[in-house]
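Have a look at the structure below before the remarks.
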Amino acid sequence: MKMKLLGTAILSSAMAFGAAGMVQADDFPTKPVTMVIGWGAGGSTDIQGRVLADILSEELGQPVNVVNQPGAGGGVALARLANSRDEGYTFVFGTSMTITFGPLSTEATYELDDFRYVAGVTLGQSAIVTGENRPFGDSWEDLVEYARENPGMSYATQTALDRMIIEYIAQQEGLDLRIVPTSGGAGMAPLILSGDVDFAYSGGTHSGYAETGEMPVLLSLAEDRLVAFPDAPTLPEAGYDINAAEIRVAMVPQNTPDAHVERLAEALEAATQDPRFIEITEERILMPVSYIAEDEVTQTLRDQVEGYKALIEELGGLPGEE
């Protein structure tokens, strides 16, 4: 009889513990959450992320603290997240390019399957741009024709991905270009505006010149034409079979409990409908708000990785490799 009572007590305790665990998962979060941004303060990702964090704080009922961990094009933040056991209490908000192309271009301690992609909230608006009053005008077709006749035109690069894209285009079009490395939009803009380089990659800096016209867009690197520059063709429209579209996405370690991921996803979806997030995204940094669920984001990123691998093989390696 004593053994039966003891067994019943143990079973009851186990059931109570399990129920408590379920309540804890359902109540996520029960403490402050940290949003890590892999870029410095003041950039468009940081500006957008801080507004997003304020809204998520309201949706989740806990503070969402923003921490900047710049380095390696967002790679430092992801390397730290890959080793996190924080079960969703720490997540990275950043661009998909860091996870799709970063590990292919540099040695990285993380890979695509190390994370879950809770949701995408914004479609990137990167582009190839030029300046005003250039001899080739402000159309991509005219630039290509001019570049064929004038070898040595200068192109300002910011990332390994845009460097690979322009090398592929140069190979396809028979162009001889001079590549000028720059450190972000702050380094690129003065070179374009002064005329010291002919054309350049822009991750979003060009949006600040949409009204003045000082930085015309030649090509959209997004999946669709850019919101603020609808006349510029996309890469496929210009004849290049490349999907370089970026998604701004929230990422957590692969081992994060489903209930925590689902709760974060619900909060992110609500944020994409909040006027404050829409205003900062669509009116200030001129990027379209778009909620993309985990399964779709994950498949999109996997497809991009395979596409980039094929492009690297076609080029015979990454630009700059011996």
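Per mature numbering (1 follows the signal peptide of the UniProt record, and there is no 0), the sequence shown runs over residues -25 to -1, 1 to 297. Glycine included, each C-beta is placed from N, C-alpha and C at the ideal position.
Counting only the same chain and skipping the five closest in sequence on each side, list residues whose C-beta sits under 6 Å from that of residue i.
i    : result
A245 : E34
S129 : R153, V155, V172 and D173
A131 : V155, T157, M163, L166, V172 and A175
L196 : S101, A102 and A219
P78  : E86
E198 : A220
Y283 : F76 and L79
D206 : none
Check for me: the beta strand (DSSP E) holding residue i runs from which residue to which?
i    : result
P250 : Here P250 belongs to no beta strand (DSSP E); instead the alpha helix (DSSP H) covers P250 to I253.
P156 : L152 to P156
M226 : I222 to P228
How should residue i be labelled, buried or exposed, when 16 other C-beta atoms within 10 angstroms of its C-beta is the threshold for buried?
i     : result
P191  : buried
Q44   : buried
E186  : exposed
S80   : buried
G292  : exposed
R238  : buried
T5    : exposed
P228  : buried
E142  : buried
Q147  : exposed
Q274  : exposed
D278  : exposed
M(-4) : Model confidence at M(-4) stands at a pLDDT of 46, short of 50, so the residue's coordinates are unreliable; what they give is reported in the following sentence. By the neighbour-count rule (16 or more Cβ atoms within 10 Å), M(-4) is not buried but exposed.
E221  : buried
G178  : buried
V42   : exposed
A285  : exposed
R123  : exposed
T265  : A small correction: the amino acid at residue 265 is Ser; Thr does not occupy that position in the sequence shown. S265 comes out exposed.
S169  : exposed
R138  : buried
G18   : buried
R91   : buried
G36   : exposed
A28   : buried
D88   : exposed
Going by DSSP, name the residue or residues bridged to residue i.
i    : result
M111 : The residue you asked about is not Met; residue 111 is Phe in the sequence shown. In DSSP, F111 forms no bridge with anything.
F66  : M10
M128 : L152
A94  : A225 and A268
T73  : Bridge partners of T73: none, in fact.
N43  : I12
Y176 : I103
S195 : A102 and T209
Specify, as a first and last residue, the run of the alpha helix (DSSP H) that residue i falls within.
i           : result
V51         : G50 to A57
V272        : E269 to L290
residue 330 : Nothing can be reported for residue 330: it is not among the residues displayed for the chain, which extend from -25 to 297.
H235        : D233 to A246
P263        : It is not in any alpha helix (DSSP H) - P263 carries neither H nor E in the DSSP assignment.
T169        : According to the sequence displayed, residue 169 carries Ser and not Thr. That run of the alpha helix (DSSP H) goes G160 to S169.
Would you say the beta carbon of residue i is closer than 7 Å to some non-hydrogen atom of the ligand SAH?
i    : result
I141 : As far as ligands go, the structure on display features none, and thus does not contain the ligand SAH.
Contact check, residue i vs residue j under 8 Å by CB: the rounded distance?
i    : j    : result
A52  : A83  : Contact flag wrong, Cβ pair sits at about 12 Å.
L98  : M226 : In fact, because the Cβ distance is near 16 Å, the residues do not count as touching under 8 Å.
E258 : A240 : Incorrect: roughly 25 Å between the Cβ atoms, too far for contact.
F68  : A135 : Contact doesn't hold; Cβ gap of about 21 Å is too wide.
V104 : L243 : Incorrect: roughly 30 Å between the Cβ atoms, too far for contact.
E62  : P232 : 6 Å
G95  : I267 : 3 Å
If I measure Cβ to Cβ from residue i and keep anything under 7 Å in the same chain, skipping five residues before and after, which residues do I get?
i           : result
W115        : L193, L194, P208 and A213
Y121        : P110 and F111
I140        : I217 and A219
residue 303 : This structure does not reach residue 303, given that the chain is present from -25 up to 297, and the question cannot be answered.
T73         : G13, G48, G49, G50 and L53
G159        : Q133
R251        : V26 and I30
G24         : M10, I12, V41 and F68
S71         : E221, I222, V224 and L276
N58         : none
D151        : P126 and G127
T256        : Q23, T97, M262 and V264
For residue i, which residues from the same chain have a beta carbon less than 8 Å from its beta carbon, with the 5 sequence-adjacent residues on both sides left out?
i     : result
P38   : P7, V8 and S32
Y184  : M190
I253  : T247 and V264
A(-1) : At A(-1), the pLDDT of 46 sits below 50, so the modelled position is not reliable and the matter cannot be decided from this model.
F66   : V8, T9, M10, V11, L56, V93, A225, M226, V227 and L239
G46   : G13 and A52
Y290  : The residue you asked about is not Tyr; residue 290 is Leu in the sequence shown. Once the five neighbours on either side are set aside, the close Cβ partners of L290 are M139, E142, Y143 and Q146.
G149  : R123
G188  : E107
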